[in-house]
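Below is one structure, written out as structure tokens, with a few remarks after it.
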Amino acid sequence: MGFWGDGLGDLVFPPRCHGCGDLLAAPGKPFCLPCVQKIPGLNLHRCTGCGTIKPDQTLTGQATDGWHCPSCIDKPLPWDFLFALGSYDGQLRDWILAQKGRRGEWFAEILGRFWADFIPFPFQSFEKIDAVIPVPRHWTKRWWFGHNPAEGLARGLGGIKGWHLDRFPLFRTRPTARQSDLTPNQRKTNVKGAFAWRGRLQKNATALLVDDVYTTGATMMECSKTLKAAGFSQIAIAVLALGKTRTTHPVRRG
Ligand SMILES: [Zn+2]
Ligand SMILES: [Zn+2]
Numbered sequence: 027m028g029f030w031g032d033g034l035g036d037l038v039f040p041p042r043c044h045g046c047g048d049l050l051a052a053p054g055k056p057f058c059l060p061c062v063q064k065i066p067g068l069n070l071h072r073c074t075g076c077g078t079i080k081p082d083q084t085l086t087g088q089a090t091d092g093w094h095c096p097s098c099i100d101k102p103l104p105w106d107f108l109f110a111l112g113s114y115d116g117q118l119r120d121w122i123l124a125q126k127g128r129r130g131e132w133f134a135e136i137l138g139r140f141w142a143d144f145i146p147f148p149f150q151s152f153e154k155i156d157a158v159i160p161v162p163r164h165w166t167k168r169w170w171f172g173h174n175p176a177e178g179l180a181r182g183l184g185g186i187k188g189w190h191l192d193r194f195p196l197f198r199t200r201p202t203a204r205q206s207d208l209t210p211n212q213r214k215t216n217v218k219g220a221f222a223w224r225g226r227l228q229k230n231a232t233a234l235l236v237d238d239v240y241t242t243g244a245t246m247m248e249c250s251k252t253l254k255a256a257g258f259s260q261i262a263i264a265v266l267a268l269g270k271t272r273t274t275h276p277v278r279r280g
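For the sequence shown, this note's numbering assigns the number 27 to the initial residue and increments by one for each residue that follows.
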């Protein structure tokens, strides 16, 4: 049976939605339409820098118009493009929690593949992604949890898009506390200098940094700084969900 459940095996095990378990009307998709429609913030237009919701929601669908909020125009973030599938709430939060678990690796990859269907890359410069890079877990945590959800997402996403997955060069130099337990200022300190690059030096390359949740942006800030130092000229960020509580511009270092 193929990954998507198509093939001879479907006669015995008809494909079911990975969200609700209902039989799928359209084969080849991991989730049924009602489950997809329940993803919070799926079609919201956001700031291309920090994900702040755009006040004027006149466009439809997932297309982005490259809008930047006043804060991002004032102080551009160290990446060039940020895309989020939705908001960290409801259905999407449940899925994210499910892929974090010990046996969540397969589900993270399913989410990554599903996500690939929704990511528009409207800017010509991003048509070329040289490396899909998951935000790394420290090896002790990866061992403890059995996997890194960001890796599964990146594998699923890159697999569908035909982009090269680079899961080793970016790594955590030390274990860090869970960001969700900390205040914005503590988060900055927690991840400061916590990433390093052990791959070859890049030139005119574009990285796609992948993670499941984005809240203050402190982790992305550190990862981007490390990737820029490694020579990446462009950085795009794909996060499954934007933290629901974040209403202000991400905290900047320095
Ligand atoms: Zn469903
Ligand atoms: Zn912004």
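Beta carbons are placed, not taken as given, at the ideal position from N, Cα and C, and that holds for glycine.
query, result
"For a test of your reading of the model: does the CB of S97 fall under 7 Å from any non-hydrogen atom of ligand 2? Yes or no.", "yes"
"Once DSSP output is grouped into helix, strand and coil, what is the label at T232?", "strand"
"Going by C-alpha distance, which of G172, F144 and A222 is nearest G67?", "F144"
"Does the Cβ of G243 have 16 or more other Cβ atoms within 10 Å, making it buried, or fewer, making it exposed?", "buried"
"Can you tell me which of K254, F107, I263 and D91 puts its alpha carbon nearest to the alpha carbon of Q228?", "K254"
"Can you tell me where the alpha helix (DSSP H) holding R139 begins and where it ends?", "E131 to A142"
"When the Cα of T252 is compared with those of L235, T241, V239 and V265, which residue comes out closest?", "L235"
"Just to confirm my understanding: we take I136, look at its own chain, exclude 5 residues before and 5 after, and list those with CB closer than 7 Å. What are they?", "H44, P56 and G182"
"Is the distance from the Cβ of L108 to the Cβ of C76 below 8 Å?", "yes"
"I'd like the list of long-range same chain contacts for G116, defined as Cβ closer than 6 Å, with 5 residues on each side in sequence excluded.", "P66"
"Expressed to the nearest angstrom, what Euclidean distance is found between the alpha-carbon atoms of R163 and C98?", "28 Å"
"Quick test of the definition: if touching needs 3 or more C-beta pairs under 8 Å, does the stretch 172-179 touch the stretch 209-227?", "no"
"What does the alpha-carbon distance come out to for the pair L49 and S113?", "26 Å"
"Which value, in whole angstroms, describes the spacing of the CA atoms of W121 and D100?", "35 Å"
"Can you determine whether any heavy atom of ligand 1 sits closer than 7 Å to the C-beta of R120, and answer yes or no?", "Looking at the sequence itself, residue 120 is Asp, so the reference to Arg does not match. D120 Cβ: outside cutoff for every heavy atom of ligand 1."
"Which ranges does the beta strand (DSSP E) cover as unbroken runs of at least 3 residues, wholly within the stretch 151-188, from first to last along the chain?", "157-160"
"Around the C-beta of W170, are 16 or more other C-beta atoms found within 10 angstroms, so that it is buried, or is it exposed?", "exposed"
"Candidates L118, V217 and R129: which alpha carbon is nearest W141's?", "L118"
"Provide the residue(s) that pair with Y114 in DSSP beta bridges, ordered along the chain.", "Beta-bridge pairing links Y114 to no other residue."
"Which residue or residues does DSSP assign as beta-bridge partners of Q260?", "T232"
"If we call anything under 8 Å between Cβ atoms a contact, is T241 one with G219?", "no"
"Count the other CB atoms, across all protein chains shown, that sit within 10 Å of the CB of T166; report buried if there are 16 or more and exposed otherwise.", "exposed"
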